[in-house]
Ligand SMILES: [Ca+2]
Ligand SMILES: [Ca+2]
Ligand SMILES: [Mg+2]
Ligand SMILES: [Mg+2]
Ligand code: NI
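Residue numbers (the numbering used here), protein chains in the order written: chain Z, 1 to 428; chain S, 429 to 856.
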């Protein structure tokens, strides 16, 4: 596929080629009020400014909804629905094309370019949507298998329900933060000796490499979103780090699942990549040995996306290691299937709800999406560039996810980064 | 204790004596805009109207915050903090006292009485607070023991962590509804034969009698609410029915806990009873054989409330049965202890968050807070007034909770009702 050529300089290695056009919430020193922005190459198009300067003057579909671009979150834009997202994305692409149909809007408007195109470095990102409810699934089957061996034993690592439904649990919406927010090492109960807990800072702090999906469609309580409508319920994707306190998790999770081990912080990347931008990279996920029940049968077999994910660690002293490389196709169920399952009993979704995929791990060495797996539960250390070792995360460590689809030739569709640095536990 | 005597007629059997003064959100046919109301006997004081007619003219503490009484939820009122709630409650009590200090406000103002005191029957209730996150705990130890026998076996019914921490899971905030909202029987996956699920309407639909607490204090991510501050974090209590689909729950809950079996609807009673009103009924909860870790040690040993709870069932044909009578003291941890535990790792609370106690059951026959226990997992039927039998809930059944403290002599402090009627499953 030939890349879309622009009159505006877009570095070929940028995650934000014209093939992408993701959406986020930005502020700047000059204008601290949060508003919508679209990254293009090394810059961000300030959509509030663009709108105020008649940027959408030539677009009758969008005009009645222009107010959404000046809001504090993406929720109202998301609520307009996928057909409108599609129109907005294509229009912005067109405005930046070498042969744009609308040269007067920006290409020939040097004054607006100067004002509305802010260098990415000068932009502060905020949480892209207000999240009503957050659900974390567990559909990375390799991860479930590897953890099952550690927790359930090698005879029976996968529970009987696993292949029949996307296993998941309700998460804590208030603890979801945007990339760059520091993460404080949590206190909690950990087992000092068998069945004998103490209160202590977490000693086995971990990351989890996941994809997150934001919901753009609401349903009434008692009325499911059926599988054929569920694709239109996904606004777009982000990368998600479900920071996990393994020792707290191990002690607290019987019988109702993880709780404080997961609610001290979950980081998401700032730019929501629309499903339209990902569709060229649609691919099959993991095969399922079980026949899926009718309410989750999806016509489209290519219901995952071949996003190349990478996890890098940098220690306080600056030593580094790439600790995971994996494709986002290593999942057993798709986000539309998760929506269909989540709502089959009538659970109400609201626009802005966040669904996490669960940790994504491959089968090869170096493809595990968390330390619990790659260090085999804290047994095999990972060596950083200068010789430091890691079983779990130490204070001052920075974990950075990146994710990208496609090639520089065709124009990258990337997620940028999702990062967080570990602060030491409070002294209590 | 002598009752507080009022110039306004308050039937002695009313849950809403002057000793109570709970808060809720109301609307009427005449004025459909939701606003705050306080039930007094058989009437509700419309706080928006009362405020607009200088009801708080004599109260300098409240005056700068009067706008909160016209809002759509109790969140802003709750956020003012317990000392302000206390002043407002005492002021409203005083306005209704026989020997009120402020006769001109309402006692001698027949016009305002007529306008601002609406018959309870004419009022529509709405969800009292906007709920950011909802957590359901499991600290009814008798319930945990009885369910443990069914699920874990009689040798080891209680998990090793149970007495050390308030076990809980994140619930679905979007599915919390006010009393009176019908509950649709959920569809879902149930095990037809061992490890072989089908999609089906739930066949084992249950209620769970719980108390709910609304949070009135926010904390920053990473900074716990310590136990000594946690009492001030509880705005007040409601009754809560955590409707549960036992067959869906049984199949889905390994290893991450209940999910769709709990997110199709949770009902709360409409009036939030302030902690101040409950304090005369403070009592010790269940004894704990384990030493509680320091971060949960509460100075006040009487950290539960002797609320007399009752569950009534009415079938579509009008047959009835009282299926549970139990005291809310049958809990192992208090709500302040739940707050301290929930935030010890830094999880952020927001004003309006809801905490459920878990099902409250006693040890005697007739004191089980759900059918799973009282029918021994669907083995021993319960007989209604006209001979109908129940193992679980049938379509058209109405479940009604009531809860009350004190005596008619002293003035009742009650919760009114929390009810819901089961609608048949959709045909999918
Ligand atoms: Ca996870
Ligand atoms: Ca419950
Ligand atoms: Mg998390
Ligand atoms: Mg529920
Ligand atoms: Ni609009």
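C-beta: ideal position from N, C-alpha, C; glycine also.
Exercise for the section: Can you say whether residue 198(Z) is buried or exposed, counting buried as having 16 or more other CB atoms within 10 angstroms of its CB? Expected result: Residue mapping note: residue 198(Z) aligns to position 198 of the first chain, counting from 1. Residue 198(Z) should be labelled exposed.
Problem - Backbone CA spacing between residue 829(S) and residue 606(S) [nearest angstrom] - result: The residue you call residue 829(S) lines up with position 401 of the second chain. The residue you call residue 606(S) lines up with position 178 of the second chain. Their backbone Cα atoms lie some 13 Å apart in a straight line.
Exercise for the section: Find the residues of chain Z that neighbour residue 596(S), judging by a C-beta separation of less than 7 Å, and give them in chain order. Expected result: Residue mapping note: residue 596(S) aligns to position 168 of the second chain, counting from 1. Under the 7 Å cutoff, chain Z gives 256 and 259.
Handout entry: Nearest residue (CA-CA) to residue 629(S), options 635(S), 636(S), 620(S) and 637(S)
Key = In the second chain, residue 629(S) corresponds to position 201, counting from 1. Ranking 635(S), 636(S), 620(S) and 637(S) by Cα distance to residue 629(S) puts 620(S) first.
Practice task
Please classify residue 667(S): does DSSP put it in a helix, a strand, or coil?
Solution key: For the purposes of this step, residue 667(S) is taken as the residue at position 239 of the second chain. Strand.
Exercise for the section: Could you tell me if the beta carbon of residue 786(S) falls within a distance shorter than 7 Å of some heavy atom in ligand 2? Expected result: In the second chain, residue 786(S) corresponds to position 358, counting from 1. For ligand 2, at least one heavy atom lies less than 7 Å from the Cβ of residue 786(S).
Problem - Cβ-based burial, residue 848(S) [other Cβ within 10 Å; buried from 16] - result: The count along the second chain starts at 1 and reaches residue 848(S) at position 420. Under this definition residue 848(S) is a buried residue.
Problem - Whole-number beta carbon distance between residue 208(Z) and residue 161(Z), since they are thought to touch under 8 Å - result: Your numbering for residue 161(Z) matches position 161 in the first chain. Your numbering for residue 208(Z) matches position 208 in the first chain. No, residue 161(Z) and residue 208(Z) are not in contact; Cβ-Cβ is about 21 Å, not under 8 Å.
Exercise for the section: For residue 545(S), write down the residues that DSSP places opposite it in a beta bridge. Expected result: Position 117 of the second chain, counted from the first residue, corresponds to residue 545(S). According to DSSP, residue 545(S) bridges with 473(S).
Handout entry: Cβ-based contacts, 8 Å cut-off: residues of the stretch 716 to 728 of chain S near chain Z
Key = 721, 722 and 723
Handout entry: Whether residue 732(S) touches residue 705(S) by CB criterion (8 Å)
Key = Here residue 732(S) is taken as the residue at index 304 of the second chain, counted from 1. Here residue 705(S) is taken as the residue at index 277 of the second chain, counted from 1. Going by C-beta atoms, residue 732(S) is not nearer than 8 Å to residue 705(S).
Exercise for the section: Between the Cα of residue 409(Z) and those of 19(Z), 7(Z) and 8(Z), spot the shortest distance and give me the residue it belongs to. Expected result: Counting from 1 along the first chain, the entry for residue 409(Z) is found at position 409. Residue 409(Z) has its Cα closest to that of 19(Z), out of 19(Z), 7(Z) and 8(Z).
Handout entry: Chain-ordered residues, beta carbon under 5 Å from a heavy atom of ligand 1
Key = 136(Z), 208(Z) and 242(Z)
Practice task
Flag residue 680(S) as yes if its beta-carbon sits less than 8 Å from any beta-carbon of chain Z, otherwise no.
Solution key: Translated into the one-based positions of the second chain, residue 680(S) becomes position 252. Yes, its Cβ sits closer than 8 Å to a Cβ of chain Z.
Exercise for the section: Let me know the secondary structure DSSP gives residue 725(S) once reduced to three states. Expected result: The residue you call residue 725(S) lines up with position 297 of the second chain. Three-state result, residue 725(S): coil.
Practice task
Please state whether DSSP places residue 808(S) in a helix, a strand or coil.
Solution key: Along the second chain, one-based indexing puts residue 808(S) at 380. Three-state result, residue 808(S): coil.
Practice task
Check whether the Cβ of residue 616(S) lies closer than 8 Å to any Cβ atom in chain Z.
Solution key: Residue 616(S) sits at position 188 when you count from the first residue of the second chain. For residue 616(S), the answer is yes, since a Cβ of chain Z falls inside 8 Å of its Cβ.
Exercise for the section: Please confirm whether residue 184(Z) and residue 247(Z) have their CB atoms less than 8 Å apart. Expected result: Start at 1 with the first residue of the first chain, and residue 184(Z) comes out as number 184. Start at 1 with the first residue of the first chain, and residue 247(Z) comes out as number 247. No. Outside cutoff.
Handout entry: Distance CB(residue 142(Z))-CB(residue 416(Z)) smaller than 8 Å
Key = Working through the first chain from its first residue, we reach residue 142(Z) at position 142. Working through the first chain from its first residue, we reach residue 416(Z) at position 416. No. Outside cutoff.
Exercise for the section: Kindly list, in the order they appear in chain Z, the residues whose Cβ is closer than 9 Å to that of residue 772(S). Expected result: To locate residue 772(S), count along the second chain from 1; it is residue 344. Neighbours of residue 772(S) on chain Z, chain order: 186, 187, 188, 189, 199, 260 and 428.
Practice task
Counting only the same chain and skipping the five closest in sequence on each side, list residues whose C-beta sits under 6 Å from that of residue 481(S).
Solution key: Taking the second chain and counting its residues from 1, one reaches residue 481(S) at position 53. Result list for residue 481(S): 540, in chain order.
Problem - 3-residue-minimum beta strand (DSSP E) runs that sit fully inside the stretch 110 to 157 of chain Z, ordered along the chain - result: 117 to 119, 124 to 126 and 134 to 137
Exercise for the section: Excluding the 5 residues preceding and the 5 following residue 70(Z) in the sequence, name in chain order all residues of the same chain whose CB lies nearer than 6 Å to its CB. Expected result: In the first chain, residue 70(Z) corresponds to position 70, counting from 1. Excluding residues within five positions, the ones whose Cβ falls inside 6 Å are 35 and 48.
Practice task
Quick one: give me the first and last residue of the beta strand (DSSP E) that residue 422(Z) is part of.
Solution key: Mapped onto the first chain, residue 422(Z) falls at position 422. Start and end: 413 to 423.
Exercise for the section: Return no unless some Cβ of chain S is closer than 8 Å to the Cβ of residue 159(Z). Expected result: As a position in the first chain, residue 159(Z) is number 159, starting the count at 1. Yes, residue 159(Z) counts as interfacial toward chain S.
Problem - residue 638(S): CB within 7 Å of a non-hydrogen atom of ligand 2 - result: By 1-based counting over the second chain, the position of residue 638(S) is 210. Within the cutoff, so yes.
Practice task
Give the DSSP-derived three-state secondary structure of residue 641(S) in the structure shown.
Solution key: As a position in the second chain, residue 641(S) is number 213, starting the count at 1. Here residue 641(S) sits in strand by DSSP.
Exercise for the section: Would you check if the stretch 309 to 327 of chain Z and the stretch 344 to 352 of chain Z touch, i.e. whether three or more CB-CB distances between them fall below 8 Å? Expected result: no
Problem - Counted within 10 angstroms of its Cβ, other Cβ atoms place residue 857(S) as buried (16 or more) or exposed - result: Lying outside 429 to 856, the shown extent of chain S, residue 857(S) is not represented and no answer is given.
Practice task
Check the C-beta distance from residue 810(S) over to residue 754(S) and give it rounded, since I have them as a contact under 8 Å.
Solution key: Stepping through the second chain from its first residue, residue 810(S) is reached at position 382. Stepping through the second chain from its first residue, residue 754(S) is reached at position 326. Contact doesn't hold; Cβ gap of about 15 Å is too wide.
Handout entry: Rounded separation between residue 345(Z) and residue 250(Z) - CA only
Key = Locating residue 345(Z) in the first chain gives position 345, where the first residue counts as 1. Locating residue 250(Z) in the first chain gives position 250, where the first residue counts as 1. Going by the C-alpha atoms only, they are around 30 Å apart.
Practice task
Could you please give the first and the last residue of the uninterrupted beta strand (DSSP E) stretch that includes residue 514(S)?
Solution key: Here residue 514(S) refers to the residue found at position 86 of the second chain. From DSSP, residue 514(S) is part of no beta strand (DSSP E) but of the alpha helix (DSSP H) over 510 to 524.
Practice task
List the residues of chain S whose Cβ lies closer than 7 Å to the Cβ of residue 348(Z), in chain order.
Solution key: Here residue 348(Z) corresponds to residue number 348 of the first chain, with the count starting at 1. Result: 602 and 603.
Exercise for the section: Spell out the partners DSSP gives residue 190(Z) in its beta bridges. Expected result: On the first chain, position 190 is the one that residue 190(Z) refers to. Its beta-bridge partners are 198(Z).
Handout entry: Closer than 8 Å to chain S by CB, residue 133(Z)
Key = Translated into the one-based positions of the first chain, residue 133(Z) becomes position 133. By this cut-off, residue 133(Z) is an interface position.
Problem - Pair within 8 Å by beta-carbon distance, residue 489(S) and residue 523(S) - result: Here the question's residue 489(S) lines up with position 61 in the second chain. Here the question's residue 523(S) lines up with position 95 in the second chain. It is not a contact, given that the beta carbons lie outside the stated cut-off.
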